[in-house]
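Engineer: Once you've had a glance at the structure underneath, I'll fire off some questions.
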Amino acid sequence: MQKLSAEKLQSHYRDLKNRKKSRLVIVHMGTCGIASGSEGVLEAVLSASEELGKSGVTIKTTGCAGLCSREPMMTVELPGAPPVKYCDLDGAKAKQIYAEHVLGGKPVGKFVLGAGAESLH
Amino acid sequence: MTKKSGRKQMTVSVCYGTCCVLNGAREVKQALEASLGRHRVPGRVKVTGGRCNAYCNLGPVVTVEPGGTVYGKVTAGDVEEIVKKHLVGGKVVKRLTIGEKPGLDSLPSLSDIGFFKDQVLIAMRNRGRIDPDSIDDYIANEGYLALPKALTEMKPEDIIDEVKKAGLRGRGGGGFPTGIKWGICRKSPGPDGKYVICNADEGDPGAFMDRSLLESDPHSVLEGMTIGARAIGADVGYIYVREEYPLALERVTKAIEVAHEYGLLGENILGTGFNFEINVVRGAGAFVCGEETALMASIEGEQGRPRPRPPFPAESGLWGKPTNVNNVETWANVAPIILRGGDWYASLGTEKSKGTKVFSLVGKIKNTGLIEVPMGTTLRQIIYDIGGGVLKDREFKAVQSGGPSGGCIPTSLIDLPVDYEELSKAGSIMGSGGLIVMDEDTCMVDVAHYFVAFLEEESCGKCTPCREGIRRMREILGRIVKGEGRRGDIDLLESLAVTIKEASLCGLGATAPNPVLTTLKYFRDEYEAHIYKKRCPAKVCKALIVYRVVADKCTGCQRCVKACPVGALAGARAQPHNLDQAKCIKCGACYEVCKFDAIAGDAIYVE
Ligand SMILES: Cc1cc2nc3c(=O)[nH]c(=O)nc-3n(C[C@H](O)[C@H](O)[C@H](O)COP(=O)(O)O)c2cc1C
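Protein chains in written order, with this note's numbering: chain U, 1 to 121; chain E, 1001 to 1607.
Have a look at this one:
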């Protein structure tokens, strides 16, 4: 990466914001998530993506999602739809979510914590 | 909507979910307020920051009540039309309405879930949304947009004024106004340079706000520090992280590297000529090293022990140079304040405590986790609405705030609005934001004993009243929980508390008696029961309780016999069992199986 100037930073921000949206799978991996098994969830998502297909899908990890007692958690965000948060996951559930929601477009209702985003000020 | 008397109270809600805000909800809200003012309707119409409705692809979303009209993809340019036609004229603006929720009707909405509903994110604005290892993710979410503003459009004094206007106070415990601290350090002459420090020692048991912030969003701390350094005139920064936080260390170290590559740290930042470096220092995890003077000694390679103030770090800090120490969360609040202005930040919170506070909510609570709420949120909202109530629906007894130097707040104060002033009025402190919820099965003397034992170990030993006084307190409490309490023990604890508080150099000693004092204030009867009746009302202190089998109720199922690790229970199948008190170690294993197993008869009790 070339060092940014103040102007280049602004245009970089705009480019990033206008990036084409892909199907996004987020595995929440703070210390609490990892302690309750989110590494297994990530592995399951990665192997499901190898097995079932990953074109147009972005898989990423973030820090803690806040609700430690319901970890491991994962969020699926498809273009044009609100993010859907899943909780109390394991590898098998994650794989099912990958197949049915990420690729199939239908949320797996029984594992859903809630749909929508958190509130900013 | 029918326009009856024209007097009906109307509410316009602007969704402030992350998606709507990133699509321009803040601008829409501002335009609404301005337009309502122009049309002289604010008396009848309220603009409220709404909650995420899960129409995320259609944001910014604006809802008008009564009538429940939902407008989507509203821009500031649409606002005048909505106000004129709908709010003044009573006609829905059809072109902007949106229909059904996008195929998610069967799913619960995050905004209906207690844990998320009442939270407002500023410090944790990117939680669960950005990859901490991706600087582009941070930038795409308005990260590093405050920095160029601070470096090119604002003078250092303007930055400090903005932080003062925000009313931001130190999140590391003391609550000192951040802008004032920066101002003092700026004015302090520093011909050989100045330092800024991020305090990520976080030694309170049960607290993990700072760890999580560094793990989830390291750039938010780096950006805040860089802005602060510019305001103060510092050229080098340190982040002091305890070694027990390997993931935080790894991510923040990586973030610093990448920020250098982007020209956001190092020499000539963003081509503005400003230079600033950040180094990471690993602490060995001593509680006292969170105290700022001990922390600086530790960075210098000396023993981590506090020294007298003055001189304050702002005058003579690290290696004798002017130094500004702030907590992780304090730093994480800086960039949004610069980007949106101090007034924006100060619009949340109470009179003297502005903005939001991050808490780690733990203990006997259903939803454990990290929460961020506006200052002034009540304990009841935090424990019941967000926390979901006490685990197993037991009775709420107290909440411990402020870590080991904090205090226990009883049920009678459950409606206390949480801010710096109210907590200290209740005898506790905000501390760094740990909240430990306790239920009816918690013994308050045992709790005090636990915290005092922690502080005895963590006292650096420099001041005799702290070193010896805390030890004596722990010994007395140790006797009381063992049933060896004596008449006069309570007086002795109270007089020791005064001496320790007054004669210790640093905050560790000055606050160490708090757990004892607040439990004595609110739960004195428990101390008295232990000392005079040799009973532990919460049935926790092993020396004071006995397990017994009620022969009439015992079904003779032998489950307790199997559960007992020391063979204290015996008895033939279908015959009432016997408990040998001489062998019993009071672990409670028999009690648990007897109470909760369907076949067993709930025949074991504690007294
Ligand atoms: C015993 C003791 C431990 C402390 N531990 C911490 C800590 O872990 N983190 C922290 O930010 N401040 C801690 N402090 C407060 C610091 O001394 C200092 O006030 C703070 O870092 C200043 O930052 P702020 O103004 O942003 O709160 C501690 C103070 C004492 C007396």
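Cβ atoms here follow ideal geometry from the backbone N, Cα and C, with glycine treated the same way.
None of these values were measured; they are calculated from a predicted model.
Starting from the C-beta of GLU1243 (chain E), find all residues in its chain whose C-beta is less than 8 angstroms away, skip the five residues before and the five after it, and write them out in chain order.
Structural biologist: The residues are LEU1249, ARG1282, GLY1283, ALA1284 and GLY1285.
Engineer: Spell out the partners DSSP gives MET1438 (chain E) in its beta bridges.
Structural biologist: For MET1438 (chain E), which the question treats as bridged, DSSP gives the partners E:ALA1398.
Engineer: Taking the beta strand (DSSP E) that ARG1242 (chain E) belongs to, which residues open and close that run?
Structural biologist: Per DSSP, ARG1242 (chain E) belongs to the beta strand (DSSP E) from 1236-1242.
Engineer: Is ASN1327 (chain E) closer than 9 angstroms to ARG950 (chain E) when the C-beta atoms are compared?
Structural biologist: No statement about residue 950 (chain E) is possible, as the shown extent of chain E runs from 1001 to 1607 and does not include it.
Engineer: Which residues in chain E sit within 7 angstroms of SER11 (chain U), going by Cβ to Cβ distance?
Structural biologist: Ordered by position in chain E, no residue passes the 7 angstroms Cβ test against SER11 (chain U), which lies about 11 angstroms from the chain.
Engineer: Taking all protein chains shown into account, decide if ILE1337 (chain E) is buried (16 or more other Cβ within 10 angstroms of its Cβ) or exposed.
Structural biologist: Buried: at least 16 other Cβ atoms inside 10 Å.
Engineer: Output the residue ranges of the alpha helix (DSSP H) runs that lie fully inside the region 1277-1354 of chain E and measure 4 residues or longer, sorted by chain position.
Structural biologist: Qualifying alpha helix (DSSP H) stretches, in chain order: 1292-1299, 1328-1332, 1334-1340 and 1342-1346.
Engineer: Give me the Cα-Cα distance between ILE97 (chain U) and THR58 (chain U), rounded to the nearest whole angstrom.
Structural biologist: Roughly 15 angstroms between the two C-alpha positions.
Engineer: Do the region 1315-1326 of chain E and the region 87-95 of chain U make contact, defined as three or more Cβ pairs closer than 8 angstroms?
Structural biologist: As far as the Cβ criterion goes, the region 1315-1326 of chain E does not touch the region 87-95 of chain U, which means the pair count is below three.
Engineer: Specify the secondary structure class of TYR98 (chain U) as computed by DSSP and reduced to three states.
Structural biologist: Looking at TYR98 (chain U) - three-state DSSP - the assignment turns out to be helix.
Engineer: Taking any Cβ of chain U, which residues in the region 1136-1148 of chain E have a Cβ under 7 angstroms from it, in chain order?
Structural biologist: Answer set for the region 1136-1148 of chain E: ASP1136, ILE1139, ALA1140, TYR1144, LEU1145 and PRO1148.
Engineer: Sort E:GLY1341, E:THR1011, E:LEU1416 and E:ALA1346 by Cα distance to THR1378 (chain E) and report the nearest one.
Structural biologist: It is E:LEU1416 whose Cα lies nearest to the Cα of THR1378 (chain E).
Engineer: Compute the minimum distance between the beta carbon of CYS1506 (chain E) and the heavy atoms of ligand 1, and state whether it is under 8 angstroms.
Structural biologist: Correct: CYS1506 (chain E) has its Cβ closer than 8 angstroms to ligand 1.
Engineer: Taking 7 angstroms as the limit between beta carbons, can you name the residues of its chain near SER1035 (chain E), skipping five residues before and five after?
Structural biologist: Around SER1035 (chain E): VAL1079, GLU1080 and VAL1083.
Engineer: Closer than 9 angstroms, CB to CB, is VAL84 (chain U) near chain E or not?
Structural biologist: So, interface residue.
Engineer: Rounded to a whole number of angstroms, what is the C-alpha to C-alpha distance between ALA1166 (chain E) and LYS1149 (chain E)?
Structural biologist: When rounded, the distance between both Cα atoms is 17 angstroms.
Engineer: Pick out whichever of E:PRO1576, E:VAL1498, E:LYS1364 and E:GLU1267 has its Cα sitting closest to the Cα of THR1441 (chain E).
Structural biologist: Position check: residue 1441 (chain E) holds Asp in this sequence, whereas Thr was assumed. Looking at the Cα atoms, E:LYS1364 is the closest of the given residues.
Engineer: Which of the residues in the region 1118-1136 of chain E, read from start to end, lie with their CB under 7 angstroms from any CB of chain U?
Structural biologist: Listed by position along the chain: GLN1119, VAL1120, LEU1121, ILE1122, ARG1125, ARG1127, GLY1128, ARG1129, ILE1130, ASP1131, PRO1132 and ASP1136.
Engineer: When every heavy atom of ligand 1 is checked, does at least one fall within less than 8 angstroms of the C-beta of GLU1421 (chain E)?
Structural biologist: No - ligand 1 has no heavy atom lying nearer than 8 angstroms to the Cβ of GLU1421 (chain E).
Engineer: Cutting at 7 angstroms between CB atoms, please list the residues of its own chain near PRO1218 (chain E), excluding the five before and the five after it.
Structural biologist: If we look at PRO1218 (chain E) and ignore the five residues flanking it on each side, its Cβ neighbours are PRO1132, ARG1251, VAL1252 and ALA1255.
Engineer: Between which two residues does the alpha helix (DSSP H) containing VAL1252 (chain E) stretch?
Structural biologist: Where VAL1252 (chain E) is concerned, the enclosing alpha helix (DSSP H) stretches over 1246-1261.
Engineer: With DSSP run on the structure shown, which of helix, strand or coil describes SER1495 (chain E)?
Structural biologist: The answer is helix: DSSP assigns SER1495 (chain E) an H, G or I state.
Engineer: Given this structure, state the Cα-to-Cα distance separating LYS1562 (chain E) from ALA1543 (chain E), to the nearest angstrom.
Structural biologist: Using only the alpha carbons, I get a separation of about 24 angstroms.
Engineer: Could you tell me which of E:LYS1521, E:GLY1567, E:LYS1534 and E:ASP1602 sits nearest to CYS1557 (chain E), measuring between CA atoms?
Structural biologist: Here the closest residue by C-alpha is E:ASP1602.
Engineer: In three-state terms, what does DSSP make of LEU1023 (chain E)?
Structural biologist: It is worth fixing the name first, because residue 1023 (chain E) is Asn in this sequence and not Leu. If DSSP states are grouped into helix, strand and coil, ASN1023 (chain E) belongs with coil.
Engineer: Out of E:GLU1528, E:CYS1198, E:THR1464 and E:LYS1482, which has the shortest C-alpha to C-alpha gap to ASP1491 (chain E)?
Structural biologist: Per the Cα distances, E:GLU1528.
Engineer: Going by the C-beta, is PRO1205 (chain E) closer than 8 angstroms to any heavy atom of ligand 1?
Structural biologist: Incorrect: PRO1205 (chain E) has no Cβ contact closer than 8 angstroms to ligand 1.
Engineer: How many angstroms separate the CA atom of ALA1332 (chain E) from the CA atom of CYS1198 (chain E)?
Structural biologist: Going from the Cα of ALA1332 (chain E) to the Cα of CYS1198 (chain E) covers about 10 angstroms.
Engineer: Since ALA92 (chain U) meets chain E, which of its residues come closer than 8 angstroms, beta carbon to beta carbon?
Structural biologist: The premise fails here: ALA92 (chain U) is roughly 21 angstroms from chain E at the closest Cβ pair, so nothing lies under 8 angstroms.
Engineer: So which residues on chain U does ASP1217 (chain E) lean against when the C-beta distance must stay under 7 angstroms?
Structural biologist: By Cβ distance, chain U contributes GLY63.
Engineer: Please name the residues in the region 1293-1310 of chain E whose beta-carbon is closer than 7 angstroms to at least one beta-carbon of chain U, in chain order.
Structural biologist: For the region 1293-1310 of chain E, which is checked against every Cβ of chain U, not one residue is closer than 7 angstroms.
Engineer: From the DSSP secondary-structure annotation, give me the bridge partner or partners of MET1209 (chain E).
Structural biologist: The partner list for MET1209 (chain E) (beta bridge, DSSP) is empty, contrary to what the question assumes.
Engineer: Return no unless some Cβ of chain E is closer than 9 angstroms to the Cβ of VAL112 (chain U).
Structural biologist: True, the Cβ-Cβ gap to chain E drops below 9 angstroms.
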